[in-house]
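Colleague:
2 protein chains.
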Amino acid sequence: MAARTRRPERRQEPLSRERIVSAAVELLDTVGEGGLTFRALAERLATGPGAIYWHVTGKTELLAAAAEAVVGPAIAGADTDATPQEAIRALALGVFDAIDAHPWVGAQLARTSWQSPMLRVFERVGRQVQALRVPEAAQFTAASALMNYILGVAGQNAVNTRTVQPGTDRTEFLDTVATAWAELDPGQYAFTRDVAGQLREHDDRTEFLAGIDLILTGIAARR
Amino acid sequence: MAARTRRPERRQEPLSRERIVSAAVELLDTVGEGGLTFRALAERLATGPGAIYWHVTGKTELLAAAAEAVVGPAIAGADTDATPQEAIRALALGVFDAIDAHPWVGAQLARTSWQSPMLRVFERVGRQVQALRVPEAAQFTAASALMNYILGVAGQNAVNTRTVQPGTDRTEFLDTVATAWAELDPGQYAFTRDVAGQLREHDDRTEFLAGIDLILTGIAARR
DNA sequence: GACACCTCTGGAACGCTGTTCCAGCGAGTC
DNA sequence: GACTCGCTGGAACAGCGTTCCAGAGGTGTC
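Sequences listed follow chains D and F, in order.
Oh and the first sequence: position 164 is 164 in this note's numbering, straight run, nothing missing.
For this note's numbering, add 223 to where a residue sits in the second sequence, where the first one is 1.
(1) Thinking A67 (chain D) and L109 (chain D) are a contact (beta carbons under 8 Å), I'd like their distance in whole angstroms, please.
(2) Between the C-alpha atoms of A401 (chain F) and E33 (chain D), what's the straight-line distance to the nearest angstrom?
(3) May I ask you to report which of helix, strand or coil DSSP gives I75 (chain D)?
(4) Determine the extent of the alpha helix (DSSP H) in which Y372 (chain F) is found, giving its start and end residues.
(5) Have a look at L184 (chain D) and R193 (chain D) and give me their C-alpha separation to the nearest angstrom.
(6) Taking just the CA atoms, how far does Q198 (chain D) sit from R267 (chain F)?
(7) Can you tell me whether S144 (chain D) is buried or exposed? The criterion is at least 16 other CB atoms within 10 Å of its CB, across all chains shown.
(8) Using DSSP with H/G/I as helix, E/B as strand and the rest coil, what is P272 (chain F)?
(9) For the candidate residues F:E236, F:A413, F:E309, whose alpha-carbon lies nearest to that of V129 (chain D)?
(10) Along the alpha helix (DSSP H) that carries P409 (chain F), what are the first and last residues, could you check?
(11) Taking DSSP as the reference, what is the three-state secondary structure of A305 (chain F)?
(12) Going by CA-CA distance only, name the one from D:R127, D:R124, D:A107, D:D175 that's closest to G453 (chain F).
(13) Which residues in the same chain have their Cβ closer than 6 Å to the Cβ of G126 (chain D), if we skip the five residues on either side of it in sequence?
(14) Which first and last residues belong to the alpha helix (DSSP H) in which E43 (chain D) is found?
(15) Going along chain D, which residues have a C-beta under 9 Å from R267 (chain F)?
(16) Over what stretch of residues does the alpha helix (DSSP H) that includes R356 (chain F) continue unbroken?
(17) Would you call the region 153-170 of chain D and the region 333-342 of chain F in contact, with 3 or more CB pairs under 8 Å?
(18) Can the beta-carbon of A74 (chain D) be found less than 8 Å from the beta-carbon of A98 (chain D)?
(19) Check for me: the alpha helix (DSSP H) holding E249 (chain F) runs from which residue to which?
(20) From the beta carbon of T384 (chain F), is the nearest beta carbon of chain D less than 8 Å away?
(21) For a contact meaning CB atoms closer than 8 Å, what does L422 (chain F) contact in chain D?
(22) Using the beta-carbon count (16 or more within 10 Å), is R227 (chain F) buried or exposed?
(23) For Q338 (chain F), which of helix, strand or coil comes out of DSSP?
(24) How many Å lie between P103 (chain D) and D29 (chain D) at the Cα?
(25) When the cut-off is 8 Å and only beta carbons count, does M224 (chain F) lie next to chain D?
(26) Please report the straight-line C-alpha distance between T37 (chain D) and G48 (chain D), rounded to a whole angstrom.
(27) What number of angstroms, rounded off, separates the C-alpha of R223 (chain D) from the C-alpha of R133 (chain D)?
(28) Taking the alpha-carbon positions, what's the P14 (chain D) to E61 (chain D) distance?
(29) Are the CB atoms of R205 (chain D) and D175 (chain D) nearer to each other than 8 Å?
(30) Quick one: Cα of A65 (chain D) to Cα of T280 (chain F), how far?
(31) Using the three-state DSSP reduction, which class does P231 (chain F) fall into: helix, strand or coil?
(32) Any C-beta of chain D within less than 7 Å: which residues of the region 327-338 of chain F qualify?
(33) I want to see whether chain F comes within less than 8 Å of E207 (chain D), judged by CB atoms only; does it?
(34) Tell me which residue opens and which closes the alpha helix (DSSP H) that T291 (chain D) is part of.
(35) Is it buried or exposed, W404 (chain F), if we count other Cβ atoms within 10 angstroms and call 16 or more buried?
(36) Helix, strand or coil for H202 (chain D), going by three-state DSSP, please let me know.
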């Protein structure tokens with residue numbers, strides 16, 4: 001028994017939404033999307049699965065909160081004294097870099113439509129679209145196109161990091177795919193073969209920005 | 224036993240990969256993404272879950288095959304005697320319409336990187352990019368941007384149909400979101416409020432095509 | 001001090017999933 | 001008739017998100 005001598009074995013910090021969310025982010029970062037389970041999370045927090053549900057309604061909300069925690073700060077910067085184009089680029093890169101640092105965020109954003117934080121991105125992209133003097137009737141189209149492109153890249157980024165074995169690095173992965181492309185049937189896949197080299201050597205970030213610029217050029221030309 | 228008179232109670236058709244995939248497509252179309260389980264599929268095929276695994280390696284392959292079955296025919300058309308822009312539009316619309324008719328395909332395509340059938344889309348988009356006389360060094364970028372945009376729309380389309388309750392129709396759903404947008408804080412969400420009306424009245428297909436055209440314009444301007 | 005509250009805990013259990021296992025059926029072959 | 005082998009389908013397994021609930025621990029009231 002020795003009930004007298006038992007130490008105050010109660011957990012140092014009490015459970016809280018913040019502690020749960022930040023533990024979830026750590027788990028997602030280290031073990032990946034599939035690694036976030038309520039049991040693993042409970043173990044990390046030295047509690048049981050049931051306790052977590054007191055602070056969080058379910059996995060959906062938990063993932064949304066984790067994404068918010070990571071993306072929120074990344075898009076918080078001010079876009080004063082910058083051209084609209086530069087502001088949009090900076091915003092898009094903020095999202096991109098957050099996804100790059102936390103691949104699971106890409107899947108999460110692509111899965112959850114325009115709730116926060118992507119609604120905030122939409123708002124700020126839209127304002128810059130207005131600053132570009134895009135006709136009112138075309139503003140929704142312009143901002144939507146940018147959002148869809150960003151979310152498309154987000155999703156693909158997530159897919160790629162999910163596909164790659166945890167052991168291999170990015171260069172090796174690109175090399176494998178590029179080699180596979182180069183060995184496709186020349187009749188059926190002439191173009192894909194042609195650009196296999198560009199796939200091998202491209203930089204994701206630069207390429208992402210080039211796509212943004214393509215759309216921005218399109219928007220400017222239509223003004 | 225009356226073994227003599229027993230009808231050929233053996234299932235009419237034997238199990239086969241095609242039967243399984245087409246049953247999966249039916250299930251996905253009627254019950255949605257979450258409705259495709261091996262048990263439901265087995266019941267529909269009047270067999271057990273184990274039998275399915277003889278013809279299909281697992282759920283991943285099954286989903287890929289289902290997407291291929293739906294998207295494959297949609298992008299099979301020939302693009303002879305059409306301008307490159309028209310060919311790209313037609314191709315993109317083929318993918319869009321397939322997704323529109325089978326919402327789960329959007330999620331599937333967005334989830335599986337550029338395997339078939341999206342690699343075939345990439346190839347054919349790329350050829351038209353070459354036909355547009357885009358400099359070699361920019362071809363990968365141009366084709367990738369189009370692909371990422373298409374996949375972004377695909378993913379968002381899937382999200383929206385997943386969010387909406389099976390009861391309500393699209394108009395009602397758009398109305399709800401647009402109303403919510405119109406009631407946002409004017410200080411923080413000025414732009415979003417401004418375009419709430421455009422959200423309510425927009426047509427997905429037209430909007431999708433407008434985005435494609437924006438990128439095409441950007442590509443042409445950079446030539 | 002005793003009692004009743006009420007927030008919060010965490011382990012057990014539920015129903016569901018994808019997947020594996022394997023006894024056995026039925027047609028074709030020696 | 002026996003043997004083989006492609007194929008079947010029901011049972012079982014491990015894991016998931018989620019729910020349930022007995023009870024611990026702190027706080028306020030008499």
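Beta carbons: idealized from backbone N, C-alpha and C, even for Gly.
Modeller: On the basis of the data shown:
(1) 6 Å
(2) 32 Å
(3) coil
(4) 359-386
(5) 7 Å
(6) 46 Å
(7) buried
(8) helix
(9) F:A413
(10) Here P409 (chain F) belongs to no alpha helix (DSSP H), and DSSP marks it neither H nor E.
(11) coil
(12) Nothing about residue 453 (chain F) can be reported from this structure: the residues present for chain F run from 224 to 446 only.
(13) A143
(14) 38-44
(15) Those within 9 Å of R267 (chain F) in chain D number zero; the least Cβ separation is about 27 Å.
(16) R356 (chain F) -> no alpha helix (DSSP H), and no H or E assigned at all.
(17) yes
(18) yes
(19) 240-254
(20) no
(21) F140
(22) Caution is warranted here: a pLDDT of 34 is assigned to R227 (chain F), below 50, making its placement in the model unreliable, and the coordinate value is therefore given only provisionally. Classification for R227 (chain F): exposed.
(23) coil
(24) 8 Å
(25) Because M224 (chain F) sits at a pLDDT of 38, beneath the cut-off of 50, its placement in the model cannot be relied upon, and the following sentence gives the value as read from the coordinates. Output row for M224 (chain F): interface = no.
(26) 12 Å
(27) 7 Å
(28) 20 Å
(29) no
(30) 35 Å
(31) Model confidence at P231 (chain F) stands at a pLDDT of 39, short of 50, so the residue's coordinates are unreliable; what they give is reported in the following sentence. Correct three-state label for P231 (chain F): coil.
(32) A333, R334, T335, S336
(33) yes
(34) The structure shown does not extend to residue 291 (chain D), since chain D is modelled only from 1 to 223, so the question has no answer here.
(35) buried
(36) coil
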